[in-house]
Every structure is written in structure tokens, then in C-alpha cells.
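Each residue of the sequence shown is one higher than the last, beginning at 1 in the numbering used here.
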Amino acid sequence: MTGDATRNVEAVNLTAVARQVVAEHRAAPCAVVGAAQRAGGRWRLGWGAAGQLWTVPAGPAPPAHVQLLFDLASLTKPVTALTLARCQREGLLDRSQRLGELLPELKETASGAVSLDLLSAHRAGLEAHREFFVSRPGAAQPTLAAILAEAAAARRPDCQGTPPPEGFPPVYSDLGYILVGAAIAARLGRDLDAVVGDQVGQPLGLTLGSARQLSQTELGAADRFVPTEQVSWRGGVLRGVVHDENAWVLADRGSAGHAGLFGDVWSVVRLGTRVLDALHGRRDDWLTAADLEPLIRRRPGGTHCAGFDRRGSEGPMSGQHFGAETFGHLGFTGTSLWIDPEAQLVGVLLTNRVHPTRETTAIRLARPAAYDGIHAHMTT
Numbered sequence: 001m002t003g004d005a006t007r008n009v010e011a012v013n014l015t016a017v018a019r020q021v022v023a024e025h026r027a028a029p030c031a032v033v034g035a036a037q038r039a040g041g042r043w044r045l046g047w048g049a050a051g052q053l054w055t056v057p058a059g060p061a062p063p064a065h066v067q068l069l070f071d072l073a074s075l076t077k078p079v080t081a082l083t084l085a086r087c088q089r090e091g092l093l094d095r096s097q098r099l100g101e102l103l104p105e106l107k108e109t110a111s112g113a114v115s116l117d118l119l120s121a122h123r124a125g126l127e128a129h130r131e132f133f134v135s136r137p138g139a140a141q142p143t144l145a146a147i148l149a150e151a152a153a154a155r156r157p158d159c160q161g162t163p164p165p166e167g168f169p170p171v172y173s174d175l176g177y178i179l180v181g182a183a184i185a186a187r188l189g190r191d192l193d194a195v196v197g198d199q200v201g202q203p204l205g206l207t208l209g210s211a212r213q214l215s216q217t218e219l220g221a222a223d224r225f226v227p228t229e230q231v232s233w234r235g236g237v238l239r240g241v242v243h244d245e246n247a248w249v250l251a252d253r254g255s256a257g258h259a260g261l262f263g264d265v266w267s268v269v270r271l272g273t274r275v276l277d278a279l280h281g282r283r284d285d286w287l288t289a290a291d292l293e294p295l296i297r298r299r300p301g302g303t304h305c306a307g308f309d310r311r312g313s314e315g316p317m318s319g320q321h322f323g324a325e326t327f328g329h330l331g332f333t334g335t336s337l338w339i340d341p342e343a344q345l346v347g348v349l350l351t352n353r354v355h356p357t358r359e360t361t362a363i364r365l366a367r368p369a370a371y372d373g374i375h376a377h378m379t380t
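Written out as C-alpha cells, the structure is:
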């Protein structure tokens, strides 16, 4: 938020929204909600928390609070896209560059001539997902090189040859972001989480990073990480380690391009407000509206942009009242961020809906209801 936003800020209590997610919808053991809206030249801030950190193992668990560190899951993707935009702004690489230019070992694969832009826009013709991990206790996992080669070769049967200018029909794909993240890391010669820290986390003052980074920099991080799933072949309940198995194999406690980041609710809210500031021309010291345009512009064939997702027309996860120009993203662990540029409203819902198992689907109803609640509390 801009400097003048730190004075005379109106506080909005969103505890009822968080409690609805946990108690009414029973979508997750704990939920933390955050929001910000710019009105009358200043920001209104809302927050609330409900539930407890875990249900397994049985016994007393700490109550939810706003300093908790959640596995952000696929909210990592827009952060990767923002990192790419920052790197382009600084002249370190260009989104039009082909994957094979940055990762020469992949030059002869099906994706070698595909641009980072199309990979990040889910229009490179890649399959939606592949399991690159071996789900046996103590099993040898594939190498990074093998994973990247397989991901780059995983074209769908109907998407062969050179992509058209706007790419193939969109299919949401982790594989494109795995490749984009690896390309950024290779170009800058650093681990991806370090690049994300340099380009996004540190400039914005965010508590956002890989499990490795936050364990080193955040006081009491071990107690602030929210548990996710109970996975027997990985040793039990996951906590302070990424839930996504492919990200775990790719980066261990670091971060991959598609998943691997953790953060607290205020950091995700602040990220959203800085995007709004850039779009509305209030600040240009991090990114500008022109820098963000490739990440949020509408593209043919669907709602997927190159980093964010647009609001759907039927049953939107952002609820019924966020505006038509809303964009954001979901995370498999139960996280989400939606930004309404017309209402200048940012809404964030962080949960551990995969604890103790990913099989529950109550989050599908809880999410839109939560964003309806956020909108009602923040705009009245």
C-alpha cells in the first residue's frame, strides 16, 4: 500500500467470514481472511481468522491467527509471472524469448521454440499435469533434468508443430510454469526462490518465500507454518514443507515455478494492493500498468491469462459481487486471491483445506461465499 495508506486506516472485522468457512461450510480446519479497498484516497483494511491449525494428530491445537504461514500452492504461479515481468523490466530476459534459448538442453524438445509468454499463458499445448514423483517411502526420485525434459515434451496430441501467435487452445497446465520457473533460474544463475525474493518479496516487504527461506528469516516460523495433508509415504502430516509433490521433488524446501511459496495473509493482500497501485498509476517503482498488461489481458479461448486468471461467467470462485474485470488465482491447498480493479478491492482467503486429506471438496462452496462476505463487509 502507498505511504499515505498507513495513516487513518479504517479497520473492518472479517472474523465472521473466516468463521463461516470453518464452521458453516466445514471446508478447512482453519481459515484466515484479508482484504483491502481503496476509497476516498485511502485504504480500508479487513481481516479475520477462525478455527485451529490442525485436527491430526488429535489433541489441542493453536487457534488460527493472521501471522500464520500458509502453503500458497498455485498462488505461486502469479508470483512467478510477476517475477518474470520484473526481470523483463530490468532487462534480464524477455517474455518473448524461446524456452530453448534459456535452457539449451531443451532446444530440440517440442517446447524448445515456444515463448515464455505462451508457456505462462497455458497456451503452449502442454498437458495439464504429470506425476514426476514416485510415491513410495524412500524411493529414488527423478532428476531435475529428466523432469524438465519430460515436461517440455508433453505436448497434447492436438497441439503439434509451431504454436500460432496466440498459442494453442488454453489448458491449465503446471508444466508450463515448471518450465518458466526453471528458465528464470537458469538465466539468472540462482535458485528460483532467491530470484522471487529479489524481485517480489524484498521490494514489497513481504513475508513470502519458500519454506527454506522463511524458516531462516521468520521468527518462530516452525510454529507459524500451517499443516497440510497427512501423507504416509512422505512421513505423515506435512508442515513447513511444500504439499505439491512435483514441487517437492523439483526443489525440496525451495520453490518451483508452479508451487512452493508460503506466505501470510497480509503479504498476499499487500501484493494485491501493489498490483492495483501499478494499474492505477499511483506507483511505478516496482511495476507499471504496461508491465502488467501481458499478465492480465484477455486472451482468446478462455479465462487464463499469463499469470492470473480472469473471473468466470458462471459460478465464479470470486463470488457474485466482484466486478467483471476481476482477476486472481486459486491454490489447491485452499488459498485464493482476487483483485477487482474497478472497485479497487483485494480479497484473500487462506485455508488448509487439504488437512488431513485432499478428498474434501467443501471449499468449492466456501470460496464464493467467502468472497461475497468480503465484498459485503468491505463495500458497505
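Ideal placement from N, C-alpha and C gives every residue a C-beta, glycine not left out.
Being a predicted model, the structure only gives us computed values, none of them experimental.
DSSP-derived helix/strand/coil call for residue i
i	result
valine 265	helix
valine 348	strand
valine 226	coil
arginine 311	coil
arginine 19	helix
leucine 53	coil
glycine 205	coil
aspartate 117	helix
serine 173	coil
aspartate 94	coil
Contact under 8 Å by Cβ, residue i with residue j
i	j	result
arginine 311	threonine 333	no
valine 242	alanine 211	yes
tryptophan 266	glycine 34	yes
glutamate 90	arginine 123	no
isoleucine 339	threonine 326	yes
valine 66	arginine 44	no
histidine 355	threonine 55	yes
isoleucine 178	glycine 257	yes
glycine 272	valine 346	yes
leucine 53	proline 227	yes
leucine 84	serine 120	yes
arginine 156	valine 171	yes
leucine 204	serine 173	no
glutamate 150	phenylalanine 168	no
glutamate 229	arginine 26	no
glycine 189	glutamine 213	no
glycine 373	glutamine 88	no
proline 381	leucine 292	No statement about residue 381 is possible, as the shown extent of the chain runs from 1 to 380 and does not include it.
glycine 254	aspartate 191	yes
alanine 154	leucine 175	yes
leucine 75	valine 268	yes
leucine 69	valine 32	no
serine 318	glycine 307	no
Limits of the unbroken beta strand (DSSP E) element including residue i
i	result
leucine 292	Counting along the chain, leucine 292 falls outside any beta strand (DSSP E), though it belongs to the alpha helix (DSSP H) covering 289 to 296.
histidine 375	No beta strand (DSSP E) contains histidine 375, which is instead part of the alpha helix (DSSP H) from 363 to 379.
alanine 39	30 to 39
glutamate 10	10 to 13
glycine 220	Neither: glycine 220 is in no beta strand (DSSP E) and is coded neither H nor E.
leucine 330	327 to 331
threonine 83	Not the beta strand (DSSP E): threonine 83 falls in the alpha helix (DSSP H), residues 76 to 89.
Presumed contact (8 Å Cβ cut-off) between residue i and residue j, rounded CB distance
i	j	result
leucine 330	valine 348	So it is not a contact: roughly 12 Å between Cβ atoms.
alanine 64	glycine 51	5 Å
threonine 217	glycine 263	At roughly 12 Å, the Cβ-Cβ gap does not stay under 8 Å, so threonine 217 and glycine 263 are not in contact.
tryptophan 248	serine 135	So it is not a contact: roughly 11 Å between Cβ atoms.
proline 316	arginine 95	Incorrect: roughly 27 Å between the Cβ atoms, too far for contact.
alanine 324	alanine 73	Not quite, the Cβ-Cβ distance comes to about 26 Å (not below 8 Å), so this is no contact.
Euclidean distance between Cα positions of residue i and residue j
i	j	result
aspartate 244	alanine 251	11 Å
leucine 261	proline 78	11 Å
glycine 3	threonine 15	Since pLDDT at glycine 3 reaches only 44, below the 50 mark, its modelled position is unreliable, and the value read off the structure follows with that caveat. When rounded, the distance between both Cα atoms is 26 Å.
glutamine 344	serine 313	20 Å
leucine 103	threonine 288	28 Å
alanine 362	alanine 28	8 Å
alanine 152	leucine 99	9 Å
cysteine 30	isoleucine 296	30 Å
arginine 367	glycine 112	38 Å
alanine 49	proline 60	17 Å
threonine 335	glutamate 105	35 Å
aspartate 71	aspartate 277	26 Å
leucine 118	cysteine 305	10 Å
alanine 146	alanine 186	16 Å
valine 237	valine 231	6 Å
valine 431	arginine 282	This structure gives no information on residue 431, because the portion of the chain shown stretches from 1 to 380.
threonine 379	arginine 299	30 Å
lysine 107	alanine 183	12 Å
histidine 321	glycine 302	21 Å
glycine 138	glycine 235	10 Å
histidine 18	glutamate 10	A small fix is needed here, since residue 18 is alanine in this sequence, not histidine. About 19 Å.
aspartate 223	tryptophan 47	21 Å
glutamine 141	asparagine 246	10 Å
arginine 130	leucine 144	14 Å
Opening and closing residue of the alpha helix (DSSP H) in which residue i lies
i	result
serine 210	Careful: serine 210 lies outside any alpha helix (DSSP H), inside the beta strand (DSSP E) at 208 to 210.
leucine 144	144 to 153
aspartate 193	192 to 196
tryptophan 233	Segment: none, tryptophan 233 is in no alpha helix (DSSP H) and carries neither H nor E.
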